[in-house]
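Inspection log for the structure reproduced underneath, given as structure tokens.
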Amino acid sequence: MIGSSGVDATLSSAAGRSETPLSSQEHGDVASGLSTEPASRPVSHPTATSKPGQTQTLWILIFKGQPRDLQSTRITELYIAFDEDEGTNVTIRMQGEYPNFRVHEEWDQPLPWMRPNFHRRLAVSTFATVGRELDMRVRNAIWETPVNNTELDYGCQSWVGDVVTVLQDANLITVEEGDNALNGMVNYISQAPWR
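If you count by this note's numbering, then the sequence shown holds residues 695 to 889, one letter each, in order.
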């Protein structure tokens, strides 16, 4: 699952079910500022099925900031590849502006390293499927993670951190997997100039 650029270095976790990096809504609740309901939450991919025992991998994508690549302008998104060739995938991101951030997803996008301003991707965890339907537990947990529209400095990097915490709390990923992914994300973000 390593991109053709060969930049992703991974290490299998002790649990044997993940790859971990070596280097490392529409405004819903006005009173609290936490947006918990997306404007239109897609149910699932309309035609996708999987083979039992096939794997799917959750990744954190990091893109260089524009117009200037700074730590504060680096973009983070989540990406689930539902098969080994990544033909069936979903990219989930936070979009909008303060105080109206919301979650948005796009299915079957180009491979990450083929997208403009792509910098790195970090494997969070790999899951085996059991039935013919795509396993949507991780995707649904991402959708259910509230967006914090009360803090001025909240952005996509903070939201990805919140999602990882939700996935850990739901036992969909281990604490070690989440911590390793976030440490790697912080490492790649910090490689950009501070100012």
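Backbone N, C-alpha and C fix where the C-beta goes; we use that ideal spot for every residue, glycine too.
Per DSSP, the continuous beta strand (DSSP E) segment holding valine 818 begins and ends at 812–822. Short of 7 Å from the beta carbon of histidine 798, and not among the five residues preceding or following it, lie these beta carbons of its own chain, in chain order: Arg787, Gln789. Under the three-state reduction of DSSP output, leucine 752 falls in the strand class. Non-local C-beta neighbours of threonine 839 in its own chain, meaning closer than 6 Å and more than five positions away in sequence, comprise Asp856, Val857, Val860, ordered along the chain. If you check the CB distance, threonine 823 and glutamine 748 come in under 7 Å.
The criterion of a C-beta distance shorter than 7 Å is not satisfied by isoleucine 774 and histidine 813. The straight-line gap separating the alpha-carbon atoms of asparagine 783 and proline 887 is approximately 31 Å.
A residue is called buried once 16 or more other Cβ atoms fall within 10 Å of its Cβ, and asparagine 811, having fewer, is exposed. When rounded, the separation of the alpha-carbon atoms in arginine 768 and asparagine 874 is 19 Å.
A buried status is given to asparagine 843, since no fewer than 16 other beta-carbon atoms sit within 10 Å of its beta-carbon.
Each of Glu771, Glu778, Arg889, Ala864 was checked against the Cα of arginine 796, and the nearest Cα belongs to Glu771. At the C-beta level, alanine 835 and alanine 817 stay beyond 7 Å of one another. The beta strand (DSSP E) runs of length 3 or more contained entirely in the region 781–805 are, from start to end of the chain, 783–789, 796–801.
No residue range can be given for threonine 844, since it is assigned to no beta strand (DSSP E) and is classified by DSSP as neither H nor E.
If you check the CB distance, tryptophan 753 and arginine 809 do not come in under 7 Å. A Cβ-Cβ contact shorter than 7 Å links isoleucine 883 with glutamine 765. Burial state of proline 804 is exposed, judged by a 10 Å Cβ sphere holding fewer than 16 other Cβ atoms.
No residue range can be given for isoleucine 867, since it is assigned to no alpha helix (DSSP H) and is classified by DSSP as neither H nor E.
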